[in-house]
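Q:
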Amino acid sequence: MTAFKFRSIAWLHLALAVLGAGAAFLPNGLSPELAAAFDHEPVPSLFGYEWALYAIALFFIALFLAGFVGLLMFKPWGRTLSLCMTVVLLLVYPLFGPTLMTGLESALLEAAALTWGAVLALAYYSEVSVKFSESSSTGS
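Offset between the sequence shown (1-based) and my numbering: plus 15.
#1: For Glu120, count the other beta carbons within 10 Å of its own beta carbon; 16 or more makes it buried, fewer makes it exposed. Which is it?
#2: Give every residue of the same chain whose Cβ lies closer than 6 Å to the Cβ of Gly82, excluding the five residues on either side of it in the sequence, and list them in chain order.
#3: Contact defined as beta carbons within less than 8 Å: I believe Ala30 pairs with Lys146. What is the distance between those atoms, to the nearest angstrom?
#4: Quick check on DSSP: helix, strand or coil for Gly85?
#5: Which whole-angstrom value describes the C-beta separation of Leu86 and Val134, a residue pair presumed to lie in contact below a C-beta threshold of 8 Å?
#6: Alpha carbon to alpha carbon, how far is Phe21 from Glu149? Give it in angstroms, no decimals.
#7: What whole-angstrom Cβ distance do Gly112 and Pro59 have, given they're in contact under 8 Å?
#8: May I have the straight-line CA-CA distance separating Gly37 from Leu78, to the nearest angstrom?
#9: Give the single residue among Ala128, Pro57 and Ala51 whose Cα lies nearest to the Cα of Leu104.
Spelled out as structure tokens, the structure:
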């Protein structure tokens, strides 16, 4: 695994995640009946504090981006932060309640999750993992 391939997979993850999020805004994605039924689902209590939800989301996005940049630069803290953020987000997801997605949205976000898993695995268990150790030993 070369540094270029590793970075390419990381960028692919980001592109898939952005496209998956953007797919939610495409027209004619969900039937009006399905959307209306979903609107009748109880709102998780977490959503009662909308300002706090946005603040937490921005904080998580900032940490994710910092970890992503750290991965691209082969910084040891980048892979540690990225792994920790992944675990934290997996623990937080259930608090958001049910979700509703189109097939395209689901496929893109699933592909993004798979590529993220590949990025983390490569960062720890491939030839690229040595680069993370080298960057800490050189003091950069």
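Heads up, the beta-carbon is just placed ideally off N, CA and C, and yes, glycines get one too.
A: Judging by the given coordinates:
#1: buried
#2: Gly93, Leu96, Ser97 and Met100
#3: Not really, about 22 Å apart at Cβ, beyond 8 Å.
#4: helix
#5: 7 Å
#6: 16 Å
#7: 4 Å
#8: 21 Å
#9: Ala128
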